[in-house]
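**Student:** Residue numbers (mature numbering (1 follows the signal peptide of the UniProt record, and there is no 0)): -25 to -1, 1 to 238. Backbone N, C-alpha and C fix where the C-beta goes; we use that ideal spot for every residue, glycine too.
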């Protein structure tokens, strides 16, 4: 009887020990299983944080470059030839306004060719224009003067003052060789080979010749993007329509060159 009781006690103790070991093993496995995801989550979090930091670093400064502006950028970078009244805006910056009121800004440079005919500098009675300084240009522009301005990329290549019309009324005596020089105004048709220039209520006549150089910029011929050689027929047709602004270099009443104003 005693032996049986001891045997039961030993078996119960063994069962208790086995159960305890089994529970301990299960707890260890649970700890390991739950630890693995925690470690993976931590690694993923670290990786994500690193990724965000890397992405942010690579994108720094993108799209922050400002466009480079040249001296002629405020003039719109335009190119062409304009005829009208030159006015002062700021040191090195001017405008030219045509007879229709359209105004174009432009800059000057150290190599801008400035030629006067009595208002910028020089003599109104001279047959040739006179080279002028930037200071003379600025002083004259504050009062305004007529000129032909050739612009490239917003900067004036040349500013040629119109030859002043002294001592004449609204006559058309230029056709008889009374005047020579550079004149500008609205082109008009008078007769085959004979045209007029109208400006400020005054009109003057001039002739064309077979070697007259006629340059169009969209109205006489061609387009506004490119200066194009035109024919006498093109010139006559444009003059009959009217409203074409031109600059004309005249020698003894005959046009040497006729340059359409850039529109």
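Check residue 198 in the structure and name its three-state DSSP category.
**Tutor:** strand
**Student:** If I follow the unbroken beta strand (DSSP E) through residue 235, where does it start and stop?
**Tutor:** 229 to 235
**Student:** With a threshold of 6 angstroms on Cβ separation, who are the neighbours of residue 72 within its own chain once the five nearest residues in sequence on each side are excluded?
**Tutor:** 59, 60, 78.
**Student:** For chain C, check one thing: does any of its Cβ atoms lie closer than 8 angstroms to the Cβ of residue 178?
**Tutor:** Going by chain labels, chain C is absent from the structure shown, which holds only one protein chain.
**Student:** Any contact between the stretch 80 to 99 and the stretch 113 to 131? By contact I mean 3 or more CB pairs, one from each, below 8 angstroms.
**Tutor:** yes
**Student:** Please state the DSSP three-state secondary structure of residue 166.
**Tutor:** strand
**Student:** Which first and last residues belong to the alpha helix (DSSP H) in which residue 85 is found?
**Tutor:** Neither: residue 85 is in no alpha helix (DSSP H) and is coded neither H nor E.
**Student:** Tell me the rounded alpha-carbon separation between residue 62 and residue 91.
**Tutor:** Each residue's Cα considered, the two are about 15 angstroms apart.
**Student:** Would you kindly check if the distance between the Cβ of residue 234 and the Cβ of residue 56 is under 8 angstroms?
**Tutor:** Yes, the pair counts as a contact, with Cβ atoms nearer than the cut-off.
**Student:** Identify every residue that forms a DSSP beta bridge with residue 130.
**Tutor:** As computed with DSSP, residue 130 is found in a beta bridge with 82, 127.
**Student:** Which two residues bound the contiguous alpha helix (DSSP H) that contains residue 212?
**Tutor:** Counting along the chain, the alpha helix (DSSP H) containing residue 212 begins and ends at 207 to 216.
**Student:** Hey, would you say residue 161 sits closer than 8 angstroms to residue 219, going by beta carbons?
**Tutor:** Contact: yes.
**Student:** Work out the CA separation of residue 216 and residue 193 for me, nearest whole Å.
**Tutor:** 13 angstroms
**Student:** In or out: residue 225 buried (at least 16 other Cβ within 10 Å) or exposed?
**Tutor:** buried
**Student:** Whose C-beta lies closer than 7 angstroms to the C-beta of residue 195 among residues of the same chain, with five residues either side of it excluded?
**Tutor:** 189, 205, 209, 210, 213, 219, 235
**Student:** Quick one: Cα of residue 137 to Cα of residue 122, how far?
**Tutor:** 5 angstroms
**Student:** Would you mind sorting residue 76 into buried or exposed? The rule is 16 or more other CB atoms within 10 Å of its CB.
**Tutor:** That one is exposed.
**Student:** If you drop the 5 nearest sequence neighbours on each side, which residues of the same chain put their C-beta closer than 6 angstroms to that of residue 119?
**Tutor:** 60, 62
**Student:** Please confirm whether residue 83 and residue 109 have their CB atoms less than 8 angstroms apart.
**Tutor:** yes
**Student:** Going by alpha carbons, who is nearest to residue 155 out of 104, 168, 165?
**Tutor:** 104
**Student:** In whole angstroms, give me the CA-to-CA distance for residue 167 and residue 228.
**Tutor:** Their backbone Cα atoms lie some 15 angstroms apart in a straight line.
**Student:** Could you check which residue in 68, 115, 67 has the C-alpha nearest to that of residue 242?
**Tutor:** Look at the range of the chain in this structure, -25 to 238, and you will see that residue 242 is not part of it.
**Student:** In the structure shown, what three-state DSSP assignment does residue 178 receive?
**Tutor:** strand
**Student:** Do you know how far the Cα of residue 52 is from the Cα of residue 69?
**Tutor:** 14 angstroms
**Student:** Taking the DSSP output, what are the residues bridged to residue 135?
**Tutor:** 90, 123
**Student:** Can you tell me whether residue 239 is buried or exposed, with buried defined as 16 or more other CB within 10 angstroms of its CB?
**Tutor:** With the chain running from -25 to 238 in the structure shown, residue 239 is simply not present.
**Student:** Within 10 angstroms of the Cβ of residue 117, are there 16 or more other Cβ atoms? Answer buried if so, exposed if not.
**Tutor:** Exposed.
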